Structures are given as C-alpha cells and as structure tokens.
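Residue numbers (the working numbering): 2 to 433. Positions of the beta carbon are idealized from the N, C-alpha and C atoms, including for glycine. Quick caveat: nothing in here was measured; it's all calculated off a predicted structure. Following: one structure in structure tokens, then a few remarks.
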C-alpha cells in the first residue's frame, strides 16, 4: 500500500504543462501497471491473512484436543498395564474393558508400551494414547542411540546370553526371575509377551531348569535337557487323561499369582490378579483372538455388556470345567453351612483351582492354594483372615479358605441375597 501512495503522489505532483503524447501514453500505462500490482498485492495480503487465521484455527483445535486428554498415570511399579491404570481411576474403573476394547483402541499395541510411559485418555473419543516418544519418535531415538554407541560396545553385547536363574519352588515362573534383575524388572511383561517369546511353552518348564535371556533380542530360552523334557511331556499328553493335564496346569496357577503378594488393592483387583496369573503361565489374555476377546464376543452374542463375563466364572467356562458349584438361597446356621460346603469342596478341589463367589450385587474371585496342611485362598481384597501377619489390610494376600467361605455366607445373609460358589479348573485342551 505504501508503493501505491508514493506513485499517486508523484503523479499528482507532476503539473508540468509540457507533456508530450508519448509521455502521456507512458504515464497511462504505468498507472495501469501500478493498479494491477496493487490489486495483486491486496489479494496476496488477504490470502495470507485467511491462511494465517485458518492455521491458527487448526493449531488451536489441536491444542484443545490435546488438552482434553486425561493423564491416567505411568506404567511403573505394580501398575504395569493400561487396564490397571484404568481400574485405579474411580471414574473410569467400571468402563475399563469397554474402553480397552473400543474399536478406536482394540488394535493398539498395549503390550509393547515401555515402562515409564505416561498413558492418556480422551473422554470425548475414549481413545487411549501414550507419549509420542514410544511411537514414531521411539524408533528415531533408538536408531540415534544405536548409532551413537561404539562398535566395541555393540560387539560386546551382541547375542550375549546371561542366566536369569532356575525355575523352582521359590521362583516358579520366569517373571519371578526377571523381577529379580534390575535391568529387566520394569520390562518383564513386555519381554514375556513380545513376539519372540509369546508362543513359548512356559507352562512346560520343569523344576531346576536354568533360564537364559539374550541381552540384545530379549529372547528367553532354556537348556537342551529342558527341551527333551518338553518333548517327553508332549508325548505324555497324547497318552495321559485330559484331567491329569488340567490338574498339572492348574497346580501352577496358585504359583503364578504368588509374585503379587502384598500388592495394594488399588493397583491390582481380584480379577486382574487371576488374569496376571494366567498370563504368567503363558496364556494369552489380551489382544486379538485372545481370551478377553472371546469373552467379549460371547457377551455380545448374549446381548450383555462387553465385560459381563470378565469374572472367575467366565474364565472357567472359557478355559476349563466346573469342579464344584453350589447355590445357597437359605441361610440358617452360618458356621455349619460353611463347614459343610468346605467339606464338599475339599473332596473335589485341588491347588490352582479358581474359586468364585457371586451375589446379586457383589462378586469375588481368587485361586485355591495350600500352606502346609491348611487350605488357603489367594485373592485381592480386604484380608480378614490372612495367614501372614505382614499382609496388607486391603490387597493381595493368602487367607484361610474356610473362614473366607464363612465370610461370604455371612455377607449373603446380611444382604439377603443368594450366594453362588463355583470352583473351576483349567483344562489344557481348551487353551488356544
């Protein structure tokens, strides 16, 4: 606009009477060119202003969308899964599984999220996300870090296997061994469920077997004698009764949940405890085609909520068989009925069986175990009958089984509701 004013001033100030026809034609052409330039410049300014406003609008929209995310927390300590973070949120706890299995989330690689990453939830779209560093940026950072390392360092750790320890009564699972290694503790679940390890036969590892990990690929392996033992175990499966195999597998479930002893309830509820135990045995619960998706599909077919079968009974029906089932609608003598039910169960149950209690308004699940000659119940909840003095008041612990049965019959009487008691045993033939 300043160019236009300057030109106009020069034209207006030229009052010389001696102007030739050529000069007049030149002045006329110059004025026309100037007008065209001014019009073009004006359009450019308008276009720039419009684009600037549009860009600001997009940026503002992105900022608003990002600011609407709720930070659930970071994957660390006892909260190693997105589900645990959702379950720990009072407002989102009841929506946990519907959020995770929402079409916008169900194909996300939750099992690949590194420890320490912040998880976010968008209440408008129900989308779960985590910091960009563990998506596109993580690849870039990893490449930069790899290039920054010296050739000597790379060669020194290339495919180097180190021993994690042996599978035994004190360390019945690989996760136990990983949790004792400072380098692998935080990422133990990512290692176990990684593509290179997730299909390994972790449930068939004999006692006193040494477990190794490749420091570069994170592949888990065990010695040749173990592989021979696995082959023998496989041949035994073809000839031994199915009930024997289910018993052998079920016996490991109580060992599989023991690493979580002492965990506070706000970090791990009763159902997630059983789920973690199953995954600790190598049973895939999360992801496409997994147990959770099967339970969700069944609920949808039955016209129920997506998480309707996320219970101990639901797991039993999907993976095993009911060993004992008792419906109590009339309660007259709590102590006598408790002892009678315990005696009935005692003749049928085994270590590692899943025990579930269901009222109309409340449910609970856990794993049957033994401490010396005493039948116990490993669960996450209010621990009224703990066998250990150092157990948390509200969290994962081991209680006397008969007293836990007594508590639930008493609760059913107080609430005037029928009580359903179910004991289930995993059947290996049903495990995909």
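- Residue 394 carries a coil assignment under DSSP once its states are collapsed to helix, strand and coil.
- Between residue 358 and residue 98, the gap from beta carbon to beta carbon reaches 9 Å or more.
- Residue 342 places its beta carbon less than 9 Å from that of residue 406.
- Within the region 313-349, complete beta strand (DSSP E) segments of at least 3 residues are found at 321-329, given in chain order.
- Just so you know, the alpha carbons of residue 186 and residue 292 end up roughly 25 Å apart.
- By a beta-carbon distance limit of 8 Å, residue 270 contacts residue 88. Their separation comes to about 6 Å.
- At least 9 Å separates the beta-carbon of residue 107 from that of residue 76.
- If you look at residue 205, you'll find it isn't in any beta strand (DSSP E); DSSP assigns it neither H nor E.
- With at least 16 other beta carbons inside 10 angstroms of its own, residue 338 counts as buried.
- Between the beta-carbon of residue 220 and that of residue 198 there is about 6 Å, and that keeps the pair under the 8 Å contact cut.
- Under the DSSP assignment, residue 286 falls outside any alpha helix (DSSP H); it carries neither an H nor an E label.
- In the three-state DSSP reduction, residue 111 falls in the helix class (H, G or I).
- The residue among 174, 390, 282 with its C-alpha nearest the C-alpha of residue 211 is 174.
- Distance between residue 328 and residue 425, taken at the CA atoms: about 15 Å.
- Annotation: residue 255 is outside any beta strand (DSSP E); the continuous alpha helix (DSSP H) that includes it extends over 243-258.
- Take residue 192, set aside five residues on each side of it, and the residues of its chain with a beta-carbon closer than 8 Å to its own are 179, 185, 198, 214, 219, 221, in chain order.
- When C-alpha distances from residue 256 are compared across 393, 409, 378, the shortest belongs to 378.
- For residue 371, the uninterrupted beta strand (DSSP E) segment begins and ends at 364-372.
- Taken through DSSP and simplified to helix, strand or coil, residue 297 comes out as helix.
- The distance from the Cβ of residue 369 to that of residue 402 is about 7 Å, consistent with a contact at the 8 Å cut-off.
- Here residue 127 really is in contact with residue 100; their C-beta atoms are around 5 Å apart, less than 8 Å.
- Scanning 332, 188, 168 for the CA closest to the CA of residue 253 turns up 168.
- In the structure shown, the three-state DSSP call for residue 72 is strand.
- Beta-bridge annotation (DSSP): residue 162 is paired with 215.
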